[in-house]
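Read the structure below first, then the notes.
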Amino acid sequence: MSNTIAGIYCRVSTDDQNPEHQVDELKKYCEFNNFSIHRVYVDRVSGSKDSRPELNDLMFDMRQRKFNTVVVYKLDRLGRSLKHLINICEEFEKKRITLVVTTQNIDTSTSSGKLLFNILGSIAEFERELISERTKLGMKKALKEGRVGRPKGKKDSQPRRKSGYYMRYAKKDRLV
């Protein structure tokens, strides 16, 4: 694959996380496989969001055929919703773009890579739903025990106000 031009996509969930490990590993992967790198796209946003600034740029550049391969570190970096992942992959397939997931040995140019992509995409979505369920159960339990909100920390000079977020979830009909 000497004519492979890659778009590297990395994502971390919060601003205080560092994507450099992903970027370094993916650049090494591309160098080892003689891929030219068109651009590195880095988002600092939750994977549950379908619209992300750098992912949107990647999709735009892909439609302009600026690269023929997308390289990601892990499938859940691209997205946590199976539907969203499948939509992205279908568009990649229509444009003849290969998706390579380096840590999970996925290469959608092969039939086994496509199968593994679908299996791991389902697992990523399942994991996201489990996190959501645990969060809702924890909030419900805390409300029942009367301990809603974060406890006062060392840097807090005054008790936290009970407003906004707390008020929305304090209503029992809002909890599932």
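Start counting at 1 in the sequence shown, then tack on 16, and there's your number in our numbering.
Even glycine gets a Cβ: it sits at the ideal position worked out from N, Cα and C.
For residue j and residue i, the rounded distance between their alpha carbons
i	j	result
K152	A158	10 Å
V39	Y57	9 Å
I24	F83	10 Å
N72	K160	42 Å
L94	R27	7 Å
G154	E143	17 Å
L191	L91	At L191 the pLDDT is 48, less than 50, meaning the model places this residue with poor confidence; the figure from the coordinates comes in the next sentence. Roughly 31 Å separates the two Cα atoms.
S148	R112	35 Å
K65	S29	10 Å
G129	L115	9 Å
R79	R163	50 Å
T20	S97	28 Å
R55	E41	15 Å
R68	Y89	17 Å
T118	R150	30 Å
C105	M75	11 Å
N50	K156	52 Å
Y45	L136	21 Å
K43	E36	10 Å
T126	L146	31 Å
Reference residue i, options the options, closest by Cα
i	options	result
L101	R163, S52, L132 and K44	L132
R81	K110, T30, N103 and D59	K110
E107	T124, T118 and V117	T124
E47	S67, A22 and R60	A22
R60	L146, D32 and I139	D32
I139	C105, K99, T126 and K156	K99
I53	Q120, N121 and T85	T85
N121	V87, N103 and L146	V87
Under the three-state DSSP convention, the category residue i falls into
i	result
I147	helix
D92	helix
T114	strand
D66	coil
S125	coil
T20	coil
T85	strand
R163	coil
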